[in-house]
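Protein chains in written order, with our numbering: chain G, 1 to 368; chain Y, 1001 to 1368; chain H, 2001 to 2368; chain W, 3001 to 3368.
4 protein chains.
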Amino acid sequence: MEAALYAGLDFFAGYPITPSSEILELLAQRLPISGGKFLQMEDEIASLCACIGASLTGCKVMTATSGPGFSLMQEALGYAIMAEIPCVIVNVQRGGPSTGLPTHGLQGDVNQARWGTHGDHAIITMTASSHQDVFDVTVEAFNLAETYRTPVVLLFDEVVAHMREKLTLPAPGEVPLVERLKTSVKEGVDYHPYLPREDGRLPMSDFGGPHRYNVTGLVHDMWGFPSTDPKMVYELLRHLVDKIENRAGRLARYKSYFLRDAEDILISYGSSARSARHVVEERRLRGERIGLLELQTLWPFPGKLVREKCENARSVVVVEMNMGQVMASVKQAVDRPDSVFLANRIDGVFITPQDIMNILRIIQGRGV
Amino acid sequence: MEAALYAGLDFFAGYPITPSSEILELLAQRLPISGGKFLQMEDEIASLCACIGASLTGCKVMTATSGPGFSLMQEALGYAIMAEIPCVIVNVQRGGPSTGLPTHGLQGDVNQARWGTHGDHAIITMTASSHQDVFDVTVEAFNLAETYRTPVVLLFDEVVAHMREKLTLPAPGEVPLVERLKTSVKEGVDYHPYLPREDGRLPMSDFGGPHRYNVTGLVHDMWGFPSTDPKMVYELLRHLVDKIENRAGRLARYKSYFLRDAEDILISYGSSARSARHVVEERRLRGERIGLLELQTLWPFPGKLVREKCENARSVVVVEMNMGQVMASVKQAVDRPDSVFLANRIDGVFITPQDIMNILRIIQGRGV
Amino acid sequence: MEAALYAGLDFFAGYPITPSSEILELLAQRLPISGGKFLQMEDEIASLCACIGASLTGCKVMTATSGPGFSLMQEALGYAIMAEIPCVIVNVQRGGPSTGLPTHGLQGDVNQARWGTHGDHAIITMTASSHQDVFDVTVEAFNLAETYRTPVVLLFDEVVAHMREKLTLPAPGEVPLVERLKTSVKEGVDYHPYLPREDGRLPMSDFGGPHRYNVTGLVHDMWGFPSTDPKMVYELLRHLVDKIENRAGRLARYKSYFLRDAEDILISYGSSARSARHVVEERRLRGERIGLLELQTLWPFPGKLVREKCENARSVVVVEMNMGQVMASVKQAVDRPDSVFLANRIDGVFITPQDIMNILRIIQGRGV
Amino acid sequence: MEAALYAGLDFFAGYPITPSSEILELLAQRLPISGGKFLQMEDEIASLCACIGASLTGCKVMTATSGPGFSLMQEALGYAIMAEIPCVIVNVQRGGPSTGLPTHGLQGDVNQARWGTHGDHAIITMTASSHQDVFDVTVEAFNLAETYRTPVVLLFDEVVAHMREKLTLPAPGEVPLVERLKTSVKEGVDYHPYLPREDGRLPMSDFGGPHRYNVTGLVHDMWGFPSTDPKMVYELLRHLVDKIENRAGRLARYKSYFLRDAEDILISYGSSARSARHVVEERRLRGERIGLLELQTLWPFPGKLVREKCENARSVVVVEMNMGQVMASVKQAVDRPDSVFLANRIDGVFITPQDIMNILRIIQGRGV
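The following block contains the structure:
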């Protein structure tokens, strides 16, 4: 993908799975040209593990998969969260559960992205509805992964992945890139991989470089050595969660259309947002006060943003292609959960503006 | 475990991991004696896959693991959900994410049990706070797995797993057991593995028996053959979710203490509920109108039960050892989410009655 | 103290007690230089009595003590209230009850300042959180004591008393000073010490001056002579209480930070307000709608101010270093007492912003 | 007083003050006869200090005074609270503040009894409206002082003190008496004066007896030696407050008249309750659903009792002879503070049934 290369991708490891295979195919060609490494691994577990290892040596890394592969990655994902390894994981969702619907898109992996690995944790998850936005959030995913030393999940869907659309590439340097923060500790001096600087960031030292240190999935101290001291446990868990959840506002990337005076607000994301935007533009022409909030950051869920935008709305309709995963988060965020409705499809067919309009009629009490 | 044997366990496959290893050790001895099969596998993925295969041949199956192993099982778990394979999965939670705290208990895997595998789906998850209850919910887990052809997760925690306590075993036959519903279709006649009977149940036919049929993780028709027909997709997904979510009331297993006139209600589960119960009994002696709702069914979340029990409560305090996973579900269930509070510990130390009391003081506006 | 000298202090009598002794030491040097009298007395009872006598001769007077000394002064304090003698009493609170914690600060004497002496009465009590504010409220204390012929209690705490901080002194005359209102009744004409002027104020005549009159702690008539006439009793008691309680609004000195749109409001005073302010400023940076109402007048309690400021607040958290003395007054003032919480410490350790944040987390239902 | 002798009074020290002097006079005669010691001291401070010392030697002790004397005792009272010395202090209230109205009764010292000494603390305060009740609560005051190692204040008023009324003395042994709990620690073995037994009680050892130990008004450890350790400070303060406040229900002594179906409830205490009871009995004859809750325990304030009794009341009228001190506590206790009214007199004249009726008319909207 162009964005990953633009963002400075050094290393990609993956295993092909519909509908994400095109990413592998493209990068297998492009990455070696730009000096990066491409590895096809024996499965998805190995793919993410290879990325984690490569990241520790200083590379910007990415893997790509679809639902079943993402389920397989959950244990390694937890390791990357605990050990604070920057990496980007693309999940081009297909219909699930299990092998489900390989060639039809759904948006059913939203909650898995948040809760798929065990234990309290936090994670950043982004999505997009156009190729231009896919480019932008992908670059940002790399930036956030490096800034917060965290895995970032890119949750695309089959429709966006497989369509053709114009894409304007920014000039090199036009979009700011975040590079790995390296430690300034000199060789021979103790480097503490989990000792925060004053600004809260944790500088890294490339594995194989001058410093020796420990990396573990166990709860650990500032040296990276295992600890079960309650104070250490508490502080590490809070750190892992707070570094992301406390920045929900700053991490909230979104687009808004006609929200200022909207009485009825659609909330959507990914390919569904294309249909939702179509509905809004078409109904505005008819004078209806309808607007769209398109979420690009799904986790940490931008609850404050949603509450503020929906404060004066008569109804809030979440448009998505699953059984209401984002709708549940919206209900928790707003003051009047009873005014939140769901416009969805779950049969593997892309949700159309007409589908949304039909559901809107019913919500507005105008029947089918 | 006694309960699994009582419930008719035929087959166990697992891989040792603290703090669930005692289950393996015990069953390695006991299961062969009662005619069952015990397999130690090379990892957790293989363990669940072996269980799925054995279940298809007609066995009652179980595996046991802890958080990291449960994360590895997420892909196979999705397969069991999609293919509707009865099985019981024990997760003795430890501190997470990743390898986390092997020997200290937390309750951080509640949301993972619900959302760990990809795609919209549903699952049954139960827990317990005493050895007697562990026995009871384990027998029930086997019964529910067979009744609804579904994986059932038993989410225990380290404290309950490692304590010593009196256990009264019921006589054989005293607790009703649900046996596999076998098809009545005769050999040589077409058997449809996914054609529901009039009562909605799907009879099974042992693999290796007289019938040939297909089992797949793909969306499938009544023959078990893959299909992308939207109507088929819709009906299968709704069936998989509704067979469980629509029965949330019937599946809600719980205990209640002093709820009738309670002004302040604690909601807890697993080992935390032991401390919560202690608080309630002690404060009742002082005349406080406090009660406890101990949940044994975590998923499908018994929202209606929680709403009804908390209708007249001034405050609802969820006691758990994570960052508020059940609390979030409780907030969604009740009418006044602002009256829901969290009394928790996340440092790997067991939450005590005194911890709960200290937090209650602050919630009640009485400071430290 | 600079402020007392600025306000025109003529006479100080005291007995040293930690943590207020520095006031004595400083004034022992400074007061004689500016022409005032400094007396070290044999105990706290004598100290306040000496001040009362000196005030009657026309001096602006002050004493300073800590909790145990303030308890000893309660009987003389009642006399000053009943006889309407202007005086300023500084209580640098330490941990109590009894000799308690001489060198550690608490804020446990708030209710004593109001109710420490017997019988229905009223009193003015002020506090401050910085040296600049200490200066300002001290000058105001002298002004109010002279204006309303009443003792004024300055309730400081150990932290504010012992820290080092920049203080900008106003130029002489920059802050208006209230001087003793002397009677215009000529020598030889009857002077009624308790006969109010048209504006309600009671002019005084210096003891030892041209007029002879009676001063007593008994209920008295306008001559100062004892009376048990019910009408006289009623009117005197109402006068003593109403001259202060009816002016609660005008006497309410406070500071507010970010209250305009605050959803969560901290109320604090004295040194605790420093930590509260830190929390508010830090959380505002993160976009939280949190504000601070810092009370400088504690008695008469500014209930109307508190109710108005907290009208739209979701939660009100009183930050203080006692078991909730001001919190109880806040609960009485607001419309929804259930939304009032206490963030406190009572172990002699100064309450930090982190302490407040930890309690806020629990109050907001986010657990530890 | 008969009750004090019945309860086992060994030692009385006091200084005469109207209207409590009769107690001294009576005891000066009676106490030596029954083997006790009577001391007239030079002032009230010395009186309470002598009682504290005598109590430490194993005596049951009492002092008696009126408002100004009680103000003088506040510092020693704090010492008795901190050092946990059993003692009974009678305050026969007169009109205050200061010397006020020596021969006319008011009930203005209620809040002083709670908050007169500095620092967070707790105290038991009881009152009564008839000589029989004075006997009963006095015996109970001695019992509670010994049980909880605490000062107990008996807050009588001038009217009850000076009237003549029938009194039936129980036979010796008829009313159970609580005797000092002595330590079972043998001579030569370390005795810890502040080490609680399993049931929470602190056994005492008579000063001058076999054990040496420290008694201090400073915050102290279990040996009685000063400590500023935050954990120690926290636990001592909580102990001092909780041992009394947490038992508010058990300590609540009260009488109720016609409360079962009462729409209008009077709450009163002391001599005012005599008039209130007269009103209730007279209005019941006319068919009005009016009742009386007569409080005998004022502190810890029986808030839970008041809330429950007033749950269904249309109006709650507090009858007292001050500006509403108990009324403020009632307002805090009930669910609808707006339905709480005050029927009072503050002019030194005893409040009559007719006074209450006149105020009731106004409250009921029937004007004067």
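Every residue, glycine too, gets a C-beta built ideally from N, C-alpha and C.
- Residues of the stretch 3304-3317 of chain W with a C-beta less than 8 angstroms from any C-beta of chain Y: 3304, listed in chain order.
- When C-beta distances to chain G are compared with 8 angstroms, the residues of the stretch 2279-2296 of chain H below that value are 2286, 2287, in chain order.
- Under the three-state reduction of DSSP output, residue 1177(Y) falls in the coil class, being neither helix nor strand.
- The alpha-carbon separation between residue 312(G) and residue 2261(H) amounts to approximately 17 angstroms.
- When the Cα atoms are used, residue 1339(Y) and residue 1227(Y) turn out to be separated by approximately 47 angstroms.
- Taking one beta carbon from each stretch, the stretch 3063-3080 of chain W and the stretch 3322-3334 of chain W have fewer than 3 pairs nearer than 8 angstroms; the two do not touch.
- For residue 119(G), the nearest beta carbon of chain H is not closer than 7 angstroms to its own beta carbon.
- Rounded to the nearest whole angstrom, the C-alpha separation of residue 275(G) and residue 201(G) is 40 angstroms.
- Taken through DSSP and simplified to helix, strand or coil, residue 3091(W) comes out as strand.
- Counting only residues of its own chain and dropping the five nearest sequence neighbours on each side, residue 1141(Y) has a CB closer than 7 angstroms to the CB of 1088, 1126, 1152, 1154.
- In chain Y, no part has a C-beta under 8 angstroms from the C-beta of residue 275(G); the shortest such distance is about 16 angstroms.
- The bridge partners DSSP lists for residue 157(G) are 93(G).
- DSSP places residue 3148(W) within a helical segment (H, G or I) once states are collapsed to three.
- In terms of CA proximity to residue 2234(H), 3344(W) leads the group 3232(W), 3159(W), 3171(W), 3344(W).
- Under DSSP, residue 1254(Y) forms a beta bridge with 1295(Y).
- In this structure, DSSP gives residue 106(G) a state outside helix and strand, which the three-state scheme calls coil.
- Membership of residue 3037(W) in the beta strand (DSSP E) is indicated by the continuous run 3037-3040.
- The closest CA to that of residue 224(G), considering only 191(G), 29(G), 68(G), is found on 191(G).
- At a beta-carbon threshold of 9 angstroms, none of the residues of chain H lie near residue 200(G); the nearest stands roughly 13 angstroms away.
- Taking the Cα of residue 2108(H) as reference, the smallest distance to any Cα among 2315(H), 2347(H), 2064(H), 2355(H) is reached at 2347(H).
- Secondary structure note for residue 3061(W): its beta strand (DSSP E) is the uninterrupted segment 3061-3065.
- At least 7 angstroms separates the CB of residue 3364(W) from every CB of chain H.
- Proximity to residue 3220(W) across 3361(W), 3052(W), 3082(W), 3053(W) peaks at 3082(W), based on C-alpha coordinates.
- Measuring C-alpha to C-alpha distances from residue 3280(W) to each of 3243(W), 3308(W), 3302(W), 3352(W) identifies 3352(W) as the nearest.
- In the three-state scheme derived from DSSP, where H, G and I count as helix and E and B as strand, residue 2128(H) is classed as coil.
- Here the alpha carbons of residue 96(G) and residue 1118(Y) stand approximately 6 angstroms from one another.
- Within a 10 Å sphere around the beta-carbon of residue 171(G) sit fewer than 16 other beta-carbons, which makes this residue exposed.
- The count of Cβ pairs closer than 8 angstroms, one atom from the stretch 1236-1254 of chain Y and one from the stretch 1300-1312 of chain Y, reaches three, so the stretches are in contact.
- DSSP links residue 1320(Y) through a beta bridge to 1344(Y).
- For residue 1095(Y), the closest Cβ of chain H is not nearer than 7 angstroms.
- The straight-line gap separating the alpha-carbon atoms of residue 1252(Y) and residue 1301(Y) is approximately 8 angstroms.
- The straight-line gap separating the alpha-carbon atoms of residue 1027(Y) and residue 1145(Y) is approximately 20 angstroms.
- Under DSSP, residue 1013(Y) shares a beta bridge with 1039(Y).
- Among the residues facing chain W, residue 2228(H) is included, as its CB has a counterpart in that chain under 7 angstroms away.
- Identification of chain Y residues near residue 88(G) by a Cβ-Cβ cut-off of 8 angstroms yields none; the smallest Cβ-Cβ distance measures about 18 angstroms.
- DSSP places residue 222(G) in the coil class of the three-state scheme, outside both helix and strand.
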